[in-house]
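In our numbering, the protein residues as written are 2 to 207.
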């Protein structure tokens, strides 16, 4: 039996009659400010769940389904989320620092003002997502960023090698020292190291 408790008051929010949360069906659960730190939620069904302000630090959410979940202000630092489905999830001001999110699906997800610094999003699908957030040193190798909104995003020192930026909005994005080798936009492969004349290529989107 597992008790899911409030992260501060320790009040029991939900009792799961199992010795693991892996694969559990918790779709639509109302669990704001719950403590999931370090827990194994691999393959868990949390579709449309209210998980605002929850603590998932160091948790295993690989293969979990959080389609349309609410994760505003949630903490997911150092979490392992390989192949997680976050399609259409609402995640403003969430923290994903150093999270492992390879092959994650974030299509249409909304992450304004979130922090994904030093996270690994290799092969992630972030197309059509609101990504007006912080990607300091983030690994975005081969990420699908088509039609995403990166307006004003902080991509300094990020690795965007092989990323697809076709129709992405990058006006005002900070990209100092970002790796762009093999990345593509609507004009084809981005040529790194070429001489820029008037404006950096990422400022042509607005």
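By construction, the Cβ of each residue, glycine as well, lies at the ideal position given by its N, Cα and C atoms.
This one's a predicted model, so the numbers in the text were calculated from it and none came from an experiment.
Of the residues the options, the one placed nearest residue i, counting alpha carbons only
{"i": "residue 64", "options": "162, 101 and 183", "result": "101"}
{"i": "residue 10", "options": "88, 34 and 94", "result": "34"}
{"i": "residue 73", "options": "82, 83, 49 and 62", "result": "49"}
{"i": "residue 28", "options": "19, 4, 81 and 67", "result": "67"}
{"i": "residue 186", "options": "168, 175, 176 and 173", "result": "168"}
{"i": "residue 137", "options": "129, 161 and 107", "result": "161"}
{"i": "residue 46", "options": "69, 174, 107 and 127", "result": "69"}
{"i": "residue 130", "options": "139, 174 and 107", "result": "107"}
{"i": "residue 140", "options": "54, 51, 89 and 184", "result": "184"}
Own chain partners of residue i with C-beta closer than 7 Å, once the 5 adjacent residues on each side are dropped
{"i": "residue 99", "result": "78, 79, 119 and 120"}
{"i": "residue 40", "result": "22 and 60"}
{"i": "residue 94", "result": "73, 74, 114 and 115"}
{"i": "residue 76", "result": "56, 57, 58 and 96"}
{"i": "residue 193", "result": "Only weak support is given to the placement of residue 193: the predicted model assigns it a pLDDT of 47, under 50, and the value that follows is read from those uncertain coordinates. The residues are 181 and 182."}
{"i": "residue 165", "result": "145, 146, 147 and 185"}
Burial state of residue i, where buried means 16 or more other Cβ atoms lie within 10 Å
{"i": "residue 13", "result": "exposed"}
{"i": "residue 15", "result": "exposed"}
{"i": "residue 43", "result": "buried"}
{"i": "residue 238", "result": "Missing from the structure shown is residue 238; the chain here goes from 2 to 207 and no further."}
{"i": "residue 96", "result": "buried"}
{"i": "residue 26", "result": "exposed"}
Sequence-distant residues of its chain with Cβ nearer than 8 Å to residue i (five each side left out)
{"i": "residue 178", "result": "157 and 158"}
{"i": "residue 132", "result": "112, 146, 149, 150, 151 and 154"}
{"i": "residue 103", "result": "83, 84, 121, 122, 123, 124 and 125"}
{"i": "residue 6", "result": "12, 13, 14, 35 and 36"}
{"i": "residue 1", "result": "Here the chain has residues from 2 to 207 only, and residue 1 is not among them."}
Residue i and residue j closer than 8 Å at C-beta
{"i": "residue 116", "j": "residue 142", "result": "no"}
{"i": "residue 105", "j": "residue 87", "result": "yes"}
Minimum Cβ-Cβ distance from residue i to chain C less than 8 Å
{"i": "residue 24", "result": "In the displayed structure, chain C is absent; only one protein chain is listed."}
Contacting residues, own chain, Cβ-Cβ under 6 Å from residue i (five flanking each side not counted)
{"i": "residue 81", "result": "61, 63 and 101"}
{"i": "residue 8", "result": "34, 36 and 56"}
{"i": "residue 110", "result": "87, 90 and 130"}
{"i": "residue 209", "result": "The requested residue 209 does not occur in the structure, where the chain is confined to residues 2 to 207."}
Near the ligand MG: residue i beta-carbon under 7 Å from a heavy atom
{"i": "residue 151", "result": "This structure lacks the ligand MG, and indeed carries no ligand of any kind."}
I'd like the ranges of any beta strand (DSSP E) spanning at least 3 consecutive residues and lying wholly in the region 4 to 89. For the region 4 to 89, the full-length beta strand (DSSP E) segments reaching 3 residues or more read 13 to 17 along the chain.
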